[in-house]
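Working notes, structure below.
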Amino acid sequence: MASPEKIGITVSAAGHAGVFLWAVLGGWLFQPQPSEPVEMAEVSLMSESEFAAISAAAEAAASRAPVAAPEAPSPPAAPEVPEPEQPPAGQPAESAQATPEPPAPDAQPDAAPDVSEPTPPAAARSEAPPTPPLPPVEEPSATILTEISPRPRPRPAPRVAPTPAEAPEPDAQVSETAEAETRPEPTPEPEPVPEPPREEAAPPEATTEIVTEATETDEAPESSAPLATSRPRPRPARPARPAPQADSPPAETRTAETRTAAAERGKPAAPAREDVVADALAEALASEQAAKPAAGQGRAASGPPMTSGEKDALRLAVQACWNTGSLSSDALQVTVTVRVLMSPDGRPQSNSIEMLGYEGGSQAAARQAYEAARRAIIRCGANGYDLPAEKYDQWDEIEMIFNPTNMRIK
Amino acid sequence: MFRHLTLALALAGAAFAAAPLAAQDGPLRLEITEGVIEPLPYAVPAFVAENSAAQKYATEISRVVASDLSGTGLFREIPASAHIARVTSFDAPVGYADWKAVNAEALITGAVSVSGDRLTVKFRLYDIYSGQQLGEGLQFAATTASWRRMAHKVADAAYSRITGEGAYFDSRVVFVAETGPKNARQKRLAVMDYDGANVQYLTDSSTIVLAPRFSPTGDRVLYTSFETGFPRIKLLNVASVTAQLLPETPGTMTFAPRFSPDGRQVVYSLEQGGNTDIWKMDLNTGQSARLTNTPSIETGPSYSPDGSRIVFESDRSGTQQLYIMSASGGEPTRISFGQGRYGTPVWSPRGDLIAFTKQNEGRFHIGVMRTDGSEERLLTASFLDEGPTWAPNGRVIMFTRETAGAGGEPRLYSVDITGRNLKVVPTAGAASDPAWSPLLP
């Protein structure tokens, strides 16, 4: 009876004693191994000219002396490099141990690799004290100068679009829309009419900018670093704040409309304050009444407003068809405002498209600009724009401003 | 006080009420600022031959129209093999849906009839997506021999109507046709259609000729001839192919002539005693007047389209640069300040740009800049590009490109002022020094 209990107590006591001992002595017995000191040494930098001098000497020595001479000058950064530690056998040497010296040429494989040691060749190379003579350096500058990767340059393509299309496969036909290659099905069943074979097609290759021959054949890759830093722009002089309009937005952020509105609001600054308030109230009430649709005529949009994402999607869709490539340079100066009525299925009503106004050019130029805009709206809306049907009230009438500032010949 | 408070509250309330209304009122507004630049797809089905004699011209004319339009780089032809609709009658209604299905945005239909040696071409242009005819249909008539000009006229009308640019297909180019090896090259003046067709030679190859220039009406050509052993300016009548030397002072050399926009005066370079300056001559009286007087070399003068100013090259600053002065002489203003050397300036017929040759870092470029020297753009780059000349509409530039090496020879090239659509102008052999005529009447 008592013996099992005793055994339990004994085991418990022994366990507790063990834990106590470990807690007290563990720190002393199982001290963490001190990490091996990291050896540090200075690495001196050398200039291009020094390197050129050294490598020239090396080249001269190499050309004069037989290749096997072990006393040949060491490579540029080698003298200061700490002696790499001998890695434990079998452990692969870190590639970082490779000294900055150029890899030894294969022509000297007998630079004393210890055959009996199964050390990897990299370690063997690093432990060979006499550095093999440098191979003749053809272009010293090429090893010193950091390679500047050429700036990515768009390929010339007949189409310039804001988003470049993938280059088509060599054997693919260029089509307006991407199409997967289809082949007639091999099944002998006559029931499903096999699709006529269509050639694989890719969207027309496009670039993001006009590439002229002058830019295309610019051979020397330029550094991507700016050649000079531009001076920071001076802060624009703060305009004198109109005293009575404390809550008006800062001048530089105002749009044209708000500016005129503010100007109108700011006009009656001279009259007595009472008049100001009375006028403003009358104006606000008048505009409120004007905004209210009279019974039976006009209509205010209802429902949730279009999100900016939905608007952007529509804008991108129209942009994809707004081709300014065939417009004259005069027509590219004209910003046209076009109004279009939309059908509930998202298609523009072709005969409703009209030019509301234009600015920046002659009437003839505006006509070309308007026709290009009209083609864009109709062409990309032929299958209906992707618009939220429940918000039809918001987009049943759209005004689009086609501003070609970014599309001009530059 | 209380009244003020009431008013203020009422005002605030009104503003709150009005704000959401204003936000929702009116149509959805979008600003489109990015588009695509690509050739406009169009279709030119073979023109309808209205009688059997017109059969051989109908297809040819529609091919030349397509070649003109596609050659601009601004248009892309939908090949006839892709057409769904067939145009069998000039007055038949257009099946817009069929053309839309092949992605054509513009359609040109035409008809040709021949009676005797009179050729009549009529055409209409349609905007497929808006389902409308663009402008009125037009009709041209001429002799059958000039059927290519009729085709160019049709293409000109369509091009202008769609792009808004001026026309230029119905124009000619005078150039120096070259034969023989580089060290013994024979040069003759020749004139051709802008697309390289219909070449006619104006001089024989007995003497070296250089730098021909059309008069503003296209009936005369100025050029530099070496028939006396020294460069001298000759004036050639294109119709009669007869040439005469311009009067000059003995012991001088004259070269680089160009007409004034009214065609009455010639501006040119005159070398006397090792110094070259710019002079002008009245063609009616033969009177000449000196426009520059410096010890440096001034040459390559070109009038502005209004005739008020002259752009020229000069090395007075130490390197070759471009300068502008009044047409009556006076102190010039330097306009080129970039790297390298600038030469052979030519004022655009539209007056907005100056084309030039630029030499920089061992390469030659054809470029354009504004008349104040701003917005310089290089359009080409090669071993040797030089001598730009403007199309009548100021949208295209033709120039000489010479290839390197002993077997290198000059060829004519054209490029759009956007720098796109660089292409060779087909000529039978080597050719250099092109000068574009005005649009033919």
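Going line by line, the protein sequences match chains A and B. In this text, residue positions in the first sequence follow my numbering: the first is 1, and each later residue adds one. In this text, residue positions in the second sequence follow my numbering: the first is 1001, and each later residue adds one. Note that beta-carbon positions come from the ideal geometry of N, C-alpha and C, so glycine has one too.
Between B:Pro1295 and the set B:Asp1282, B:Glu1034, B:Asn1275, B:Ser1302, the nearest pair of CA atoms involves B:Asn1275. Non-local beta-carbon contacts of B:Val1102 in its own chain, meaning distances under 8 Å to residues more than five positions away in sequence, involve Ala1043, Ile1078, Ala1082, His1083, Ile1084 in chain order.
DSSP places B:Ile1297 in the coil class of the three-state scheme, outside both helix and strand.
Under the three-state reduction of DSSP, B:Gln1265 is assigned to strand. B:Glu1361 is classed as exposed because its beta carbon has fewer than 16 other beta carbons within 10 Å across all chains shown. Exposure of A:Val11 is indicated by the presence of fewer than 16 other C-beta atoms within 10 angstroms of its C-beta. Excluding its 5 nearest sequence neighbours in each direction, B:Ser1089 has C-beta neighbours in its own chain below 7 Å: Val1048, listed in chain order. In the DSSP assignment, A:Thr324 falls outside any alpha helix (DSSP H), carrying neither H nor E. With respect to the C-alpha of B:Ala1243, the residue from B:Asp1277, B:Ala1053, B:Ala1155, B:Asp1204 having the closest C-alpha is B:Asp1204. When the five nearest sequence neighbours on each side are left out, the beta carbons in the same chain lying within less than 8 Å of the beta carbon of A:Ala382 are those of Arg347, in order along the chain. B:Gly1367 has B:Phe1356, B:Leu1378 as its beta-bridge partners, per DSSP. Out of A:Arg339, A:Asn351, A:Ala331, A:Gly309, the CA that lies nearest to the CA of A:Met407 is found in A:Ala331. Linking A:Thr207 to A:Glu354 through their CA atoms gives a straight-line distance of about 31 Å. As a beta-bridge residue in DSSP terms, B:Gly1343 pairs with B:Thr1357. In this structure, B:Thr1207 is the residue among B:Met1281, B:Glu1031, B:Thr1109, B:Thr1207 with its C-alpha nearest to the C-alpha of B:Lys1187.
DSSP, reduced to helix, strand and coil, places B:Tyr1168 outside both helices and strands of the structure shown, so it counts as coil. Collapsing the DSSP output to three states places A:Ala165 in coil. The straight-line gap separating the alpha-carbon atoms of B:Gly1251 and B:Ser1225 is approximately 16 Å. For the 8 Å CB-CB criterion, B:Leu1222 and B:Leu1235 form a contact. The straight-line gap separating the alpha-carbon atoms of B:Thr1163 and B:Ser1171 is approximately 18 Å.
Residue-level contact by beta carbon holds for B:Glu1034 and chain A, with a gap shorter than 8 Å. Non-local beta-carbon contacts of A:Val318 in its own chain, meaning distances under 7 Å to residues more than five positions away in sequence, involve Ala376, Ile377, Cys380, Met400 in chain order.
Here A:Ile7 is exposed. Its C-beta has fewer than 16 other C-beta atoms within 10 Å. Assignment of beta-bridge partners to B:Phe1312 by DSSP yields B:Tyr1323. When DSSP reads this structure, A:Met355 sits in a beta bridge with A:Val338. Shortest Cα-Cα distance from A:Pro388 to any of A:Gly309, A:Val340, A:Glu205 involves A:Gly309.
Against A:Pro204, the close residues of chain B are Glu1038, in the order they occur along the chain (beta-carbon pairs closer than 9 Å). DSSP, read as helix, strand or coil, puts B:Thr1228 in coil.
Relative to A:Pro304, the option among A:Leu316, A:Ala364, A:Glu390, A:Arg315 whose CA is nearest is A:Glu390. If the five residues before and after A:Glu359 are omitted, its C-beta is found closer than 6 Å to the C-beta atoms of Thr335, all from its own chain and listed in chain order.
Between the alpha carbons of A:Ile210 and B:Pro1041 lies a gap of roughly 19 Å. Flagged as an interface residue toward chain A: B:Pro1027, by a C-beta distance shorter than 8 Å. A check of alpha carbon separations from B:Ser1113 across B:Asp1098, B:Gln1139, B:Ala1406 identifies B:Gln1139 as the nearest. Residue B:Gly1135 holds the alpha-carbon nearest to the alpha-carbon of B:Ala1158 among B:Asn1237, B:Pro1349, B:Lys1423, B:Gly1135. CA-to-CA, the gap between B:Gln1287 and B:Phe1075 works out to about 49 Å. Taking all protein chains shown into account, B:Val1311 has 16 or more neighbouring C-beta atoms within 10 Å of its C-beta and is therefore buried.
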